[in-house]
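Asker:
Protein chains: 2
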Amino acid sequence: MIKIGIYGYGNLGRGVEAAIKKNKDMELVAVFTRRDPKDLVINTKTAGVYNVKDVLNFKDKIDVMIICGGSRTDLPVQTPNLAKNFNVIDSFDTHAHVSEHFEHVDLEAKASNHTAVISVGWDPGMFSINRCMMESILPDGSSYTFWGKGVSQGHSDAIRRIPGVKDARQYTVPVQSALEKVRNGENPYLTTREKHTRLCYVVVEDGADKARIENDIKTMPDYFVDYDTTVNFISQEELDKNHKGLPHGGFVIRSGETSEGVKHVIEYSLKLDSNPEFTGSVLVAFARGCYKKFMNKDYGCKTVFDFAPSEISPISVQDLLKHTL
Amino acid sequence: MIKIGIYGYGNLGRGVEAAIKKNKDMELVAVFTRRDPKDLVINTKTAGVYNVKDVLNFKDKIDVMIICGGSRTDLPVQTPNLAKNFNVIDSFDTHAHVSEHFEHVDLEAKASNHTAVISVGWDPGMFSINRCMMESILPDGSSYTFWGKGVSQGHSDAIRRIPGVKDARQYTVPVQSALEKVRNGENPYLTTREKHTRLCYVVVEDGADKARIENDIKTMPDYFVDYDTTVNFISQEELDKNHKGLPHGGFVIRSGETSEGVKHVIEYSLKLDSNPEFTGSVLVAFARGCYKKFMNKDYGCKTVFDFAPSEISPISVQDLLKHTL
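These protein sequence lines map, in sequence, to chains A and B. Taking the numbering used here, the leading residue of the first sequence gets 3, the next gets one more, and so forth. Taking the numbering used here, the leading residue of the second sequence gets 3, the next gets one more, and so forth.
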């Protein structure tokens, strides 16, 4: 059994916990929280809940620590720190700072003979693996990534910060006609606006100026101004009833030629009822790979590009050859 | 530059040759043929053509030999034999004999300190990788593989062996409604007949009994009897005009749950203008991985389950982190 710790128990931590239950070679040992452990009820009876300050008591009792903090302020500190005493894995997703994060984690993991894996999930994660493999197989071609239909928590938060807004949910929606052009191997040039639209459900305070709020959303730099955005004002009841899930998904597509006029299209797609539960499932599979590399004394920081399928699988290579090849 | 040899110059050998031209770190050195080399014109001016009996002259001049023979009688002999003197890669696809082939190749490759890779292509190959990764991420679920629409050369050959048939082309076609059920996460139980249909274009000799030929096709054991089969009789001209390509493709889909009622669907699909050119492209990418493992003294027989994405990519891990993650 691979003994797992969960560090941080929000949506992602609960997703990791659900994934562990589906894997027979995995066991949740402990959940670490910044809250008072007495206030936290988890879904695994056999695991304990502890405050983060007591984490070092588990130094030799946990094979892999799955760190479920946020990419902006939590992971840049937590992952290198915990790598001093644990094998660690995180879902760091700030593309602009990945190389820097890698260096920090690599330094600590190598110094203490641990194995670390960063940026694991579906994008970055499974989508990155697919982009890499597709481009290796079809070097002469174009790659496209579409996201959605799914909830963007960052965009939902941005709307909630507008004065007069009580609650909001934002869906990123791929433009179907653009997706079809890509699938047909047309290699289109697509602007930001041509790839995705943004669909917003907004609850406002009594008497709020809806026209002003709609304008504030549609003209918001970085988040909305470059997209065709639809704003729907709804009641809190409707939002709670129809928009509380965290579905997501998307598509990675590459089309390329192998000789004059001979085209091929490779597509990888995800349709996810729950973004955090799927991300948690990817983290758990790569935690297995992390532990295998550690057992092989392959220390330092790794990414999804470093793992062979057999490393993340619980099945022996002999059985993979017989049943999966 | 990685120096490549092609052993066998049929459709697949030409597909490998086309793929090498698309990869800047690869160089075709020599093509080996059972024919008289003087009778063979290849598409690479800088490479030589030699008879297979002279292959040992190239013992230290080729980094990886890509073996393009057939799975039934060629590869079981060629791959272990060539592994005594070369790093080798093949597309062996007889599922029932993979473990046996693996053992033979592994023995020779380990004894001579070479790296070998077997069963590389799209199925087995990319589809196998995806089945393995999908099942590792969503252990509680069901996997489905659909093939087509595409030409099955084995089924086309089987029709051509019927008396009175001059030429034939058989397409395997996935049943769209079954595909949709799987995509919707319905986890259907599907019989062979419910997954694929078979579409045949047949050219007959003058005066041949079409009704008897159609019956012979539709009742043929193993090949057609378990499928809904459509037989169209056409002229040789029409077959040559519309059915001489070798398109193929297919779908690997897994749907699974991460907690009660929370479903996810992962799909990997290929749409290929040319089966041999795409298979050749996969072989060339994994030839790069084969050579990297050899340089790391990782000898013996490998399969697609053993390669990390960074091993088959020409791009450095640093650049993958920056641009592909």
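Cβ coordinates follow ideal geometry from the N, Cα and C atoms, glycine included. Quick caveat, the model's predicted, so the values are computed rather than measured.
Output the boundary residues of the alpha helix (DSSP H) element that contains Arg171 of chain A.
Answerer: Looking at the DSSP string, Arg171 of chain A is not in any alpha helix (DSSP H); the run it does join, the beta strand (DSSP E), is Val167 to Pro176.
Asker: Between B:Gly152, B:Met136 and B:Tyr11, which lies nearest to Tyr146 of chain B when the distance is taken from Cα to Cα?
Answerer: B:Met136
Asker: Scan the segment 133–159 of chain B for residues whose Cβ lies nearer than 8 Å to a Cβ of chain A and list them as they occur along the chain.
Answerer: So the list reads Arg133, Cys134, Met135, Glu137, Ser138, Ile139, Leu140, Pro141 and Asp142, given in the order they occur along the chain.
Asker: Please give me, in chain order, every unbroken run of the alpha helix (DSSP H) with length at least 4 that falls completely inside the segment 51–88 of chain B.
Answerer: The segment 51–88 of chain B contains these whole alpha helix (DSSP H) runs: 77–84.
Asker: Residue ranges of each beta strand (DSSP E) run of no fewer than 3 residues wholly in the segment 226–312 of chain A, ordered along the chain?
Answerer: 230–235, 250–261, 264–274 and 302–304
Asker: Along the alpha helix (DSSP H) that carries Thr194 of chain A, what are the first and last residues, could you check?
Answerer: Element bounds for Thr194 of chain A: Thr194 to Lys197.
Asker: What is the rounded straight-line gap between the Cα of Lys40 of chain B and the Cα of Ser318 of chain B?
Answerer: Each residue's Cα considered, the two are about 41 Å apart.
Asker: Contact between the segment 265–281 of chain A and the segment 232–240 of chain A: three or more CB pairs below 8 Å?
Answerer: no
Asker: Could you tell me the distance, in whole angstroms, from the CA atom of Thr35 of chain B to the CA atom of Tyr11 of chain B?
Answerer: 6 Å
Asker: Give the DSSP bridge partners of Met28 of chain B, in chain order.
Answerer: B:Ile4
Asker: Any beta carbon of chain B sitting closer than 8 Å to that of Thr326 of chain A?
Answerer: yes
Asker: Label Asp56 of chain A either buried or exposed according to how many other C-beta atoms from any shown protein chain fall within 10 Å of its C-beta, with 16 as the threshold for buried.
Answerer: exposed
Asker: Would a check of beta-carbon distances place Asp275 of chain B closer than 8 Å to chain A?
Answerer: yes
Asker: Among residues of its own chain, excluding the 5 on either side of Asp95 of chain A, which ones have a beta-carbon nearer than 8 Å to its beta-carbon?
Answerer: Excluding positions up to five away in sequence, the list reads Ser73, Ser121, Gly123, Asp125 and Pro126.
Asker: Per DSSP, what kind of secondary structure is Ile91 of chain B in: helix, strand or coil?
Answerer: strand
Asker: Could you name the residues of the same chain whose beta carbon sits closer than 8 Å to that of Lys212 of chain B, not counting the 5 residues immediately before and after it, in chain order?
Answerer: The residues are Val206 and Phe235.
Asker: Closer than 8 Å, CB to CB, is Ile131 of chain A near chain B or not?
Answerer: yes
Asker: Cβ closer than 8 Å: which chain A residues qualify as neighbours of Lys265 of chain B?
Answerer: Asp275
Asker: What number of angstroms, rounded off, separates the C-alpha of Thr260 of chain A from the C-alpha of Lys47 of chain B?
Answerer: 18 Å
Asker: In whole angstroms, give me the CA-to-CA distance for Val33 of chain A and Val54 of chain A.
Answerer: 9 Å
Asker: Is the beta carbon of Thr231 of chain A closer than 8 Å to that of Arg200 of chain A?
Answerer: yes
Asker: Helix, strand or coil for Arg200 of chain B per DSSP?
Answerer: strand
Asker: Between Ala170 of chain B and Arg290 of chain A, what straight-line distance do the alpha-carbon atoms span, to the nearest angstrom?
Answerer: 49 Å
Asker: Report the neighbours of Leu323 of chain A on chain B: residues whose CB is nearer than 7 Å to its CB, in chain order.
Answerer: Neighbours of Leu323 of chain A on chain B, chain order: Val100, Ser101, Phe104 and Thr305.
Asker: In chain order, what residues of the segment 284–309 of chain B put their CB closer than 8 Å to some CB of chain A?
Answerer: Val284, Ala287, Arg290, Thr305, Val306, Phe307, Asp308 and Phe309
Asker: Between the alpha carbons of Asn244 of chain B and Tyr203 of chain B, how many angstroms are there, rounded?
Answerer: Those two C-alpha atoms are separated by around 10 Å.
Asker: Measuring only the C-alpha atoms, how far is Asp142 of chain B from Lys26 of chain A?
Answerer: 11 Å
Asker: Please compile the residues from chain B whose C-beta is within a distance smaller than 8 Å of the C-beta of Asn25 of chain A.
Answerer: Contact note: Asn25 of chain A reaches chain B through Pro141, using a C-beta cutoff of 8 Å and chain order.
Asker: Quick one: grab the DSSP three-state call for Gly15 of chain A.
Answerer: helix
Asker: Would a C-beta distance cut-off of 8 Å place Thr117 of chain A and Cys292 of chain A closer than the cut-off?
Answerer: yes
Asker: Answer yes or no: do Cys134 of chain A and Pro311 of chain B have a C-beta to C-beta separation smaller than 8 Å?
Answerer: yes
Asker: Taking the Cβ atom as the reference point for each residue, do Ser138 of chain A and Ser257 of chain A lie within a distance shorter than 8 Å?
Answerer: By the CB criterion at 8 Å, Ser138 of chain A and Ser257 of chain A fall outside the cutoff.
Asker: Please return the same chain residues whose Cβ sits closer than 6 Å to the Cβ of Ser154 of chain A, not counting the five positions on each side in sequence.
Answerer: Gln172 and Thr174
Asker: Determine, for Thr260 of chain A, whether the minimum Cβ-Cβ distance to residues of chain B falls below 8 Å.
Answerer: yes
Asker: For the beta strand (DSSP E) that contains Ser315 of chain B, what are its first and last residues?
Answerer: No beta strand (DSSP E) contains Ser315 of chain B, which DSSP labels as neither H nor E.
Asker: For Asp108 of chain B, which residues of its own chain have a beta-carbon under 8 Å away from its beta-carbon, when the five flanking residues on both sides are left out?
Answerer: If we look at Asp108 of chain B and ignore the five residues flanking it on each side, its Cβ neighbours are Ala118, Gly302 and Cys303.
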